[in-house]
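Protein chains: 2
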Amino acid sequence: MSGHDEVVIPRLAEGAVANDIGLLLAKLRAAGSEFNNKALAEFGLRERSYSVLRLACSGLEPTQRELADFLALDPSQIVALVDDLEGRGLVSREQGRTDRRQKIVLATPEGERLHATAETAMRECEAEQFSALAPDELTSLRTLLRKALWG
Amino acid sequence: MSGHDEVVIPRLAEGAVANDIGLLLAKLRAAGSEFNNKALAEFGLRERSYSVLRLACSGLEPTQRELADFLALDPSQIVALVDDLEGRGLVSREQGRTDRRQKIVLATPEGERLHATAETAMRECEAEQFSALAPDELTSLRTLLRKALWG
DNA sequence: ACCGATCGTTGAAAATGTCAATGAGTTATT
DNA sequence: AATAACTCATTGACATTTTCAACGATCGGT
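Chains A and B supply the protein sequences, listed in that same order. 1 is the number of the first residue of the first sequence in our numbering; add one for each residue after it. 1001 is the number of the first residue of the second sequence in our numbering; add one for each residue after it.
In structure tokens form, the structure reads like this:
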């Protein structure tokens, strides 16, 4: 509630450059990322570890490989993230049901608790970051992004 | 032209997780980034240096500080990027017109040439990456992203 | 039983991100 | 006119993230 946050439109946004979707995506992503990480700091989480925890809480019983694919991260990064969360007692690795190579990442009760509180903080973050968009614009943005990704 | 690129919808995209705009943004960005960098490799450029070159060619006469703000990069990263481009004779630093502290980044004729060819490659990239979206959906996505950024 | 592929893991190298400090130049205050 | 506070580009140090190649264990097909 710090008064009005004047959104400054930089001079460079005038040019055709600002029609480059990749650039827009990058900017929005950079801003959101910094924002999210700040909000998650009080929980000892970062965007990445939050996403992993989130999926571990989803009931989807994700495999580490699935996490890597879905989060667009290298498998080795998932190892590091899960190591950290596991070391803090927030998730556990369980052997895959049908394939003993794979490991399913599950949240512990404590992980569920932390996720619950962190999730509300994230929701506020998202609402604030996209406050310039009307609710229907927001859902339409979601739809477009999903379509771009998965058709 | 390797036949049909079946877009696989991962199992995890089913959950509520896939409504997280930050996550969608991150995924789309990661995919696009890899794609763009591969396409730019033949020009000896990366996404970053291409963006700088692009703005140097825009006629907007960007200051290094403006580049940093607009591209959401630390000023020191701009220095490195411009150093590289300048060393290859693609851009030059010119003293600011009114403020002698600032340096304007301008493309050399050779920079313009390289940019021209790289730009068409990037256009193809973007078209391919968003082939799942109809033209009007694409412009609507652009509009929403810009609105989210600058109101 | 064998062969090629996949999963998680490790470790190293490259790229990026973050931060503090500095000299030159500007603006504001007095 | 002199000073103080601030901004710009730059440097260098450091952490984080990304990218790759390898490896043991396991799986699937033959």
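Even glycine gets a Cβ: it sits at the ideal position worked out from N, Cα and C. The structure displayed is predicted, hence computed values, not measured ones.
In chain A, what lies closer than 7 Å to residue i by C-beta?
i, result
"D1069(B)", "P10"
"G1096(B)", "By Cβ distance, chain A contributes nothing, its closest Cβ being about 14 Å from G1096(B), past 7 Å."
"R1054(B)", "V17"
"E1126(B)", "I21, G22"
"D1076(B)", "Note on residue identity: the sequence assigns Ser, not Asp, to residue 1076(B). Per Cβ cutoff of 7 Å: no residues; S1076(B) is ~16 Å from chain A at best."
Residue i touches chain A at which residues, Cβ-Cβ below 8 Å?
i, result
"N1019(B)", "R142"
"F1043(B)", "None at all; the shortest Cβ gap to chain A is about 16 Å."
"E1137(B)", "L144, K147"
"N1036(B)", "G22"
"A1031(B)", "A72, L149"
"S1049(B)", "Within chain A, no residue comes near S1049(B); the closest Cβ sits about 14 Å away, beyond 8 Å."
Could you tell me if residue i is buried or exposed, where buried requires 16 or more neighbouring beta carbons within 10 angstroms of its beta carbon?
i, result
"H1004(B)", "A caution first: H1004(B) carries a pLDDT of 45, below 50, which makes its placement in the model too unreliable to give a value."
"N1019(B)", "exposed"
"V1014(B)", "Inspection of the sequence shows that residue 1014(B) is occupied by Glu rather than by Val. Exposed, because fewer than 16 other Cβ atoms sit within 10 Å of the Cβ of E1014(B)."
"V1079(B)", "exposed"
"I21(A)", "buried"
"T63(A)", "buried"
"A56(A)", "buried"
"M1001(B)", "With a pLDDT of only 41 at M1001(B), under the threshold of 50, the placement of this residue in the model should not be trusted; the figure read from the coordinates follows. Result: exposed."
"R1029(B)", "buried"
"V1007(B)", "exposed"
"A1016(B)", "exposed"
"L141(A)", "buried"
"T1143(B)", "exposed"
"A127(A)", "exposed"
"A107(A)", "buried"
"G1152(B)", "There is no way to answer for residue 1152(B), as the model of chain B reaches only from 1001 to 1151."
"I1009(B)", "exposed"
"A1039(B)", "buried"
"G1111(B)", "buried"
"R97(A)", "exposed"
"G151(A)", "exposed"
"R1101(B)", "exposed"
"E94(A)", "exposed"
"E1042(B)", "exposed"
Which residues mark the beginning and the end of the beta strand (DSSP E) in which residue i is found?
i, result
"R1093(B)", "1091 to 1095"
Find the residues of chain B that neighbour residue i, judging by a C-beta separation of less than 9 Å, and give them in chain order.
i, result
"E66(A)", "P1010, R1011, L1012"
Could you give the first and the last residue of the continuous alpha helix (DSSP H) run that contains residue i?
i, result
"A31(A)", "21 to 40"
"F1043(B)", "Looking at the DSSP string, F1043(B) is not in any alpha helix (DSSP H), and its letter there is neither H nor E."
"V79(A)", "75 to 87"
"R65(A)", "64 to 71"
Could you list which residues in chain B have their beta carbon closer than 7 Å to that of residue i, in chain order?
i, result
"P164(A)", "Residue 164(A) cannot be examined here, being either before or after the span of chain A that is shown, 1 to 151."
"K27(A)", "A1072, L1149"
Residues of chain A with CB under 9 Å from residue i, in chain order?
i, result
"V1007(B)", "L149, W150, G151"
"S1058(B)", "L12, G15, A16, V17"
"L1133(B)", "L144, K147, A148"
Report yes or no: do three or more beta-carbon pairs, one from the stretch 1021 to 1029 of chain B and one from the stretch 1065 to 1081 of chain B, lie closer than 8 Å? Output reads no: the stretch 1065 to 1081 of chain B does not touch the stretch 1021 to 1029 of chain B.
Could you tell me which whole alpha helix (DSSP H) segments of length 4 or greater appear in the stretch 1108 to 1151 of chain B? Within the stretch 1108 to 1151 of chain B, the complete alpha helix (DSSP H) runs of at least 4 residues fall at 1109 to 1129, 1135 to 1150.
For the pair the stretch 141 to 150 of chain A and the stretch 1127 to 1143 of chain B, tell me if three or more CB-CB distances fall below 8 Å. Segments in contact, yes.
Between the stretch 1121 to 1128 of chain B and the stretch 101 to 119 of chain A, do at least 3 Cβ pairs fall closer than 8 Å? no
Check whether the stretch 87 to 98 of chain A touches the stretch 1032 to 1050 of chain B, counting contact only when three or more Cβ pairs, one atom from each stretch, lie closer than 8 Å. no
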